[in-house]
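In what follows, a single structure is set out as structure tokens and then discussed.
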Amino acid sequence: MTDNQWFLPAMMALFTWGVTAFLPKLVLRRLKPLQMIAYSSCFFMVTAFVVQLFYLDQGGVQFEPRGVALAMATGCCGAFGQIFYLQALKNGSVAHVSMISSLYPLIATLLAFIFLHEPMTIRQGVGVLLGLSSIILLVVANDSKK
Amino acid sequence: MWLLPALAALFIWGFWAFLPKLALQSLDPHSVIFYESFGNMLVALPIMFHLKFKLQKDRKAVSMLAGSAVLTVLAILAYFYALKTGPVAVIVTLTALYPVISVILARIVLKEKLNKVQIAAVLMAVSAMLLLAA
């Protein structure tokens, strides 16, 4: 694992998302979806602002037009994705909708291949396929519980 | 008609996972998350107008969302740090395995029994993690 500086932060993201994954399900029992999106966006913004306080000694927030546009587009995509997901859930089963939407790493992989020509070792390729299969199995397992 | 919005979510989240890699070429992770919050708010503002800024007041749910937001921002920050130096395909797949953590937590904390499919999924996820880490 010599050049894998990315592994530790990736695992931290994995565990933190794992812990928070069930919270929206609990919240949706008490709030309507659009209310949840409105609240989440406000809290997200406040937290993102607070985070900047910890980076003041590094010069604070940077500005570069292309990076800013891409970062804002990321935020739009996150929110729009959530809206479409909730819209799909209105008429579709959680199992089917989750199954389709959780395969988003495939799209990201395709984009990375097209735009960045990212190389991938056979071992990593097998790992990605195993990971995607695991995600599908989890959705199937969740469906079979109902 | 659920297929179309589900496919839209798939494609848009694919872009959500990929675009930060490009933004991180010129900005640090903390700056990307700062501007991401503005993009997020751009979409949320019309929703708030639609709701006439009347938000439900449920203290428990709002507290949960506040806690969730803090953890989500920390997770995204960690994700950006990983994405800055690592390959998109590997990191996106690895972090998308987070439902496995929920399953394992449910087993440990709630003593929920895992069915055969869940056990297979967890084993595959762990194998994937080991392969991706090597």
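Protein sequence lines correspond, in order, to chains A and B. Here the first sequence is numbered in our numbering, starting from 749 and rising by one per residue. Here the second sequence is numbered in our numbering, starting from 21 and rising by one per residue. For every residue, glycine included, the Cβ atom is placed at its ideal position computed from N, Cα and C. Remember, it's a predicted structure, so these values are computed and weren't measured experimentally.
Does residue i pass the burial test, meaning 16 or more other C-beta atoms within 10 Å, or should it be called exposed?
i: V129(B); result: exposed
i: L708(A); result: Look at the range of chain A in this structure, 749 to 894, and you will see that residue 708(A) is not part of it.
i: P40(B); result: buried
i: N135(B); result: exposed
i: M61(B); result: buried
i: T113(B); result: buried
i: K104(B); result: buried
If we call anything under 8 Å between Cβ atoms a contact, is residue i one with residue j?
i: M820(A); j: E132(B); result: no
i: V845(A); j: Y833(A); result: yes
i: W754(A); j: I111(B); result: yes
i: L85(B); j: V775(A); result: yes
i: V719(A); j: L75(B); result: Since the first residue shown for chain A is 749 and the last is 894, residue 719(A) is missing from the structure and cannot be characterised.
i: A849(A); j: L30(B); result: The amino acid at residue 849(A) is misidentified as Ala; the sequence shows Ser. A contact, by the Cβ cut-off of 8 Å.
i: V123(B); j: V888(A); result: no
Smallest Cα separation from residue i: which of the options?
i: A95(B); options: G59(B), M21(B), T115(B), D48(B); result: T115(B)
i: V799(A); options: L134(B), P49(B), L71(B), M61(B); result: P49(B)
i: Q806(A); options: K104(B), Q138(B), S51(B), V108(B); result: S51(B)
i: A141(B); options: L152(B), L117(B), L150(B); result: L117(B)
i: G823(A); options: P119(B), L65(B), F73(B); result: L65(B)
i: P772(A); options: M760(A), A761(A), I785(A), V874(A); result: I785(A)
Listed from N- to C-terminal order along the chain, which residues in the segment 133 to 146 of chain B have their beta-carbon within a distance smaller than 7 Å of any beta-carbon of chain A?
N135, V137, Q138, A140, A141, M144, A145
Listed in chain order, which residues of the segment 847 to 866 of chain A have Cβ atoms closer than 8 Å to some Cβ of chain B?
I848, S849, S850, L851, Y852, P853, L854, I855, A856, T857, L858, L859, A860, F861, F863, L864, E866
Cβ-based contacts, 9 Å cut-off: residues of the segment 829 to 840 of chain A near chain B
G829, Q830, I831, F832, Y833, L834, Q835, A836, L837, K838, N839, G840
Threshold first: 4 residues or longer. Then list the alpha helix (DSSP H) segments lying entirely within the segment 773 to 827 of chain A, N to C.
781 to 801
My parser needs the alpha helix (DSSP H) runs of 4 or more residues fully inside the segment 81 to 122 of chain B; what are they?
108 to 115
Closer than 7 Å, Cβ to any Cβ of chain B: which residues of the segment 874 to 890 of chain A, in chain order?
V874, G875, V876, L878, G879, L880, S881, S882, I883, L885, L886, V888, A889
Which residues, taken in chain order from the segment 105 to 118 of chain B, show a beta carbon closer than 7 Å to some beta carbon of chain A?
T105, G106, P107, V108, A109, V110, I111, V112, T113, L114, T115, A116, L117, Y118
Quick one: which unbroken alpha helix (DSSP H) runs of 4-plus residues sit fully inside the segment 35 to 78 of chain B? Chain order, please.
49 to 70
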